[in-house]
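Please read the structure below before turning to the comments.
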Amino acid sequence: MDVLAGKVKVTSKTLDQTMNPAELMDHPIRLTARDVTVHYGEKQALHGISIDIPDRAVTAFIGPSGCGKSTFLRCINRMNDTIEGAKVGGKIELDGEDIYSPDLDVVELRARVGMVFQKPNPFPKSIYDNVAYGPRIHGLAKSKADLDEIVISSLRKAGLFEEVKDRLSEPGTGLSGGQQQRLCIARAIAVGPEVILMDEPCSALDPIATAIIEELIDELRENYTIVIVTHSMQQAARVSQKTAFFHLGNLIEHGDTEEIFTNPVNKQTQDYIMGRIG
Amino acid sequence: MTDTVLPGASAGAQNRDQVRKSLTRRHRNEALFRWAGILSIAAALGFVAILFGMILSKGLPSFWQSTVHVEAYFDPELIEGGPRPELADFPSQADYQEAVNKWQRAVTLSNWNRIVETALRAEAPDFEIESRDLLELVNSAARFQLRDMYFANSDVLGQTVPVSILASANTDNWLKGTINRDAPDDRQQLAATTRALADQFEANGTISFDFAWHIFTNVDSRSAPATAGLAGAFMGSLYMMIVVIVLAVPIGVASAVYLEEFAPKNRLTDLIEVNINNLAAVPSIVFGLLGAAVFINYLGLPRSAPLVGGLVLTLMTLPTIIIATRAALRAVPPSLRQAALGLGASHNQTVFHHVLPMTYPGVLTATIIGVAQALGETAPLLLIGMSAFIANIPAGPLDSATALPVQIYLWQGNENRNFFEARTSAAIIVLLGLMLLLNAIAIFLRSRLEKRA
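Chains A and B, in that order, are what the protein sequence lines are. Under the working numbering, the first residue of the first sequence is numbered 1, with each subsequent residue one higher. Under the working numbering, the first residue of the second sequence is numbered 1, with each subsequent residue one higher.
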């Protein structure tokens, strides 16, 4: 077990962030997935995923490359719709509402379920316009002052405002990688989502920028339901309260992060956490 | 440490030998390729240099044309029609206009050639020359030039006014040596006395080589080739460019956006795509036939009109713009689309707010390249009647007109070769200058758009 200890340092800080069962009671289930399958043409990428994702907590999806964790994440805000030949089966409910129902407008869904991508992808516009774009298209601000307020509070929540307050009109692409990613988080927050999906948000960042983003995620979970896909098990252990392990398109095991990392039930999970597969 | 040879060491030495041998070969190949590249670039540059050298050496002199500076006496005994009618003397505007027209007709019938002749003779009082040969010295429109001066200001009557008259094309040839000066009399365009007078005028400064502004302000002329200019062809080309830009850019960009972003991928759109690519390869003369058949015969649009020319050139430019715009759309990183979609932007909003603006530099470049291509196109215009001799500057896109490359073609075929060879090169210089200008604008706009992005 010393391999495990080397791979994932279960420090007291990590433990502090995990929730005891009583605490979890305050976190009702927000998202429910039942038997979700995804086909890319002939190829089946997901084989019947069923999982419950709690409110105001961070759920991490881990697993080796190509295991389907990002595919499942993209099912939650229907980004798979844009991929040609992708077919989603099963059922995903957000607050008991089927998000694949024909009555639901995908635009409305994506306003409720925000997304942060692997590579920071700010628009080639000013910092202000980047954050203001979402509120503008959804008509969230009634006046210029409203919009200013939304932009500033979003940048503040993303921990970026102090760094950029004097250059809001400069292009967002001119920021550093870590700042760009926080700008993308601010942009997602500005729409006022309930759920934020993060697809390996730190994989293109250096350790210091990663640490800042992780701290930010920890703050954001007070107000948002966060689902994060990560390659780094340390990251999953540091930021998440729930962890789900995917392998070859199957959900192998999910539960409290502390449980998964210290006492995995499944052999495959154990192997992955100890670095034998992946 | 020890002398023991590690297993595999000799094999390693062998490998190194092999690598070294192959290195020599690789270096030789690289050197060969580099030299082949340098050689082909040098050859290409050489050809371009020869082309430009020939065009410039031939064309530039024709921008400076022999001009005769004389003092013209507006002789009251020769000029008929009496004083110019005054508006105050007539009861109505119509009556006045009628009187003016009558006066102008009478003035035109005056012996203006005599006035030109007198002015010329005054510069060489002792020179004996027949009137006919003397008038050959200046362009045949000289008399209209003096008449128009009188129309514009009838106060010159009875006065002596300095006038610059273009020498005739033949005089220009003789003085510039573009005709063989040693050829016998029966092979010369001008009489011996005219030639001698031209030489004398050049020596005493009566004839000088002045910058030929009229190349830019006059229309084509057959009766007085020395005064032929590009203004008509330039305006014709300008109208066509406007038609092309106004039609080809919106239609082309809209088609590209639809095909690339909205159209379902099926047999029909595949077929359309293949045919757009084919369209780009259709010989331009075929477009001319299509224009003649559809726009002129079927739709009944006027012949020789820049509107029809512009429509034909639009059809030719469309594939260029569609193909380039689609390539630019495809080059937009998917992360940008995802960013917009992830925020809840609709497909439409994603395309028009984020994807399309990224393609502006590409679209702009394609537009300018397409327009420049259209500007230089000749063949289809011949088939819709734009190669006719037009002696007016077109006032609108429905007037008869010709175009710059067609003007080059027409001048190239003119019977006064000695004069028009240089004039053709001058027109080519103007056309190339216009193309360079268009390209410079494209580069400037693109770099500005890219900086903003």
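Even for Gly, the Cβ is constructed at its ideal location relative to N, Cα and C. Fair warning: this is a prediction, and the values are worked out from it, not measured in the lab.
Cβ-Cβ separation, residue j to residue i (assumed contact under 8 Å), whole Å
| i | j | result |
| --- | --- | --- |
| residue 188 (chain A) | residue 114 (chain A) | 3 Å |
| residue 338 (chain B) | residue 79 (chain A) | 7 Å |
| residue 429 (chain B) | residue 59 (chain B) | 5 Å |
| residue 241 (chain B) | residue 375 (chain B) | 6 Å |
| residue 136 (chain B) | residue 175 (chain B) | Actually they do not touch by this definition, with Cβ atoms about 13 Å apart. |
| residue 431 (chain B) | residue 405 (chain B) | 6 Å |
| residue 209 (chain B) | residue 425 (chain B) | Residue 209 (chain B) to residue 425 (chain B), Cβ: 17 Å. No contact. |
| residue 118 (chain A) | residue 200 (chain A) | 5 Å |
| residue 46 (chain A) | residue 72 (chain A) | 6 Å |
| residue 72 (chain B) | residue 161 (chain B) | 6 Å |
| residue 190 (chain A) | residue 150 (chain A) | 6 Å |
| residue 292 (chain B) | residue 383 (chain B) | 5 Å |
| residue 310 (chain B) | residue 397 (chain B) | 7 Å |
Local Cβ density within 10 Å of residue i, reported as buried at 16 or more and exposed below that
| i | result |
| --- | --- |
| residue 27 (chain B) | exposed |
| residue 333 (chain B) | exposed |
| residue 109 (chain B) | exposed |
| residue 12 (chain B) | exposed |
| residue 19 (chain B) | exposed |
| residue 221 (chain A) | buried |
| residue 2 (chain A) | A caution first: residue 2 (chain A) carries a pLDDT of 41, below 50, which makes its placement in the model unreliable, though a value can still be read off. Burial call: exposed. |
| residue 223 (chain A) | exposed |
| residue 253 (chain A) | buried |
| residue 16 (chain B) | exposed |
| residue 273 (chain A) | buried |
| residue 442 (chain B) | buried |
| residue 102 (chain A) | exposed |
| residue 131 (chain B) | exposed |
Where residue i falls: helix, strand or coil (DSSP)
| i | result |
| --- | --- |
| residue 83 (chain A) | coil |
| residue 203 (chain B) | helix |
| residue 411 (chain B) | helix |
| residue 140 (chain B) | coil |
| residue 287 (chain B) | helix |
| residue 71 (chain A) | helix |
| residue 357 (chain B) | helix |
| residue 427 (chain B) | helix |
| residue 17 (chain A) | Note that residue 17 (chain A) has pLDDT 47, beneath the 50 cutoff, so the model's placement of it is unreliable and the number below is only indicative. Helix. |
| residue 129 (chain B) | coil |
| residue 85 (chain B) | coil |
| residue 183 (chain B) | coil |
| residue 195 (chain A) | strand |
| residue 247 (chain B) | helix |
| residue 302 (chain B) | coil |
| residue 267 (chain A) | helix |
| residue 5 (chain A) | Residue confidence is low: residue 5 (chain A) scores 41 on pLDDT, short of 50, so the model does not pin down where it sits. Its coordinate-derived value is still stated next. Residue 5 (chain A) falls in the helix class under three-state DSSP. |
| residue 386 (chain B) | coil |
| residue 46 (chain A) | strand |
| residue 178 (chain B) | coil |
| residue 100 (chain A) | coil |
| residue 237 (chain A) | helix |
| residue 117 (chain A) | coil |
| residue 57 (chain A) | coil |
Cross-chain neighbours of residue i in chain B, by beta carbon under 7 Å
| i | result |
| --- | --- |
| residue 133 (chain A) | 343 |
| residue 138 (chain A) | 344 |
| residue 111 (chain A) | 344 |
| residue 115 (chain A) | 342 |
| residue 187 (chain A) | 343 |
Partners in chain A for residue i, counting only beta-carbon separations shorter than 8 Å
| i | result |
| --- | --- |
| residue 447 (chain B) | The premise fails here: residue 447 (chain B) is roughly 15 Å from chain A at the closest Cβ pair, so nothing lies under 8 Å. |
Chain B contact residues for residue i, given Cβ-Cβ distances below 8 Å
| i | result |
| --- | --- |
| residue 167 (chain A) | In chain order: nothing, as chain B lies at least about 16 Å away. |
| residue 164 (chain A) | Near residue 164 (chain A) there are no residues of chain B at all, since even the closest Cβ is about 18 Å away, more than 8 Å. |
| residue 119 (chain A) | 335 |
| residue 80 (chain A) | Simply none; closest approach about 11 Å. |
| residue 123 (chain A) | 336, 339, 340 and 354 |
| residue 77 (chain A) | 342 |
Contact set between residue i and chain B, taken where Cβ atoms lie within less than 9 Å
| i | result |
| --- | --- |
| residue 274 (chain A) | Going along chain B, no residue has its Cβ under 9 Å from residue 274 (chain A), so there is no contact; the nearest lies around 34 Å. |
Partner residues on chain C for residue i, Cβ-Cβ distance less than 7 Å
| i | result |
| --- | --- |
| residue 107 (chain A) | Annotation note: the requested chain C is absent from the structure, which comprises protein chains A and B. |
* Taking a cut of 9 Å between CB atoms, which residues from the region 345-369 of chain B lie near chain A? -> Those would be 345, 346, 347, 349, 353, 354, 357 and 358, in chain order.
* Asked: Taking any Cβ of chain B, which residues in the region 190-205 of chain A have a Cβ under 8 Å from it, in chain order?
  -> Answer in chain order: 191.
* Scan the region 315-344 of chain B for residues whose Cβ lies nearer than 7 Å to a Cβ of chain A and list them as they occur along the chain. => Result list: 335, 336, 338, 339, 341, 342, 343 and 344.
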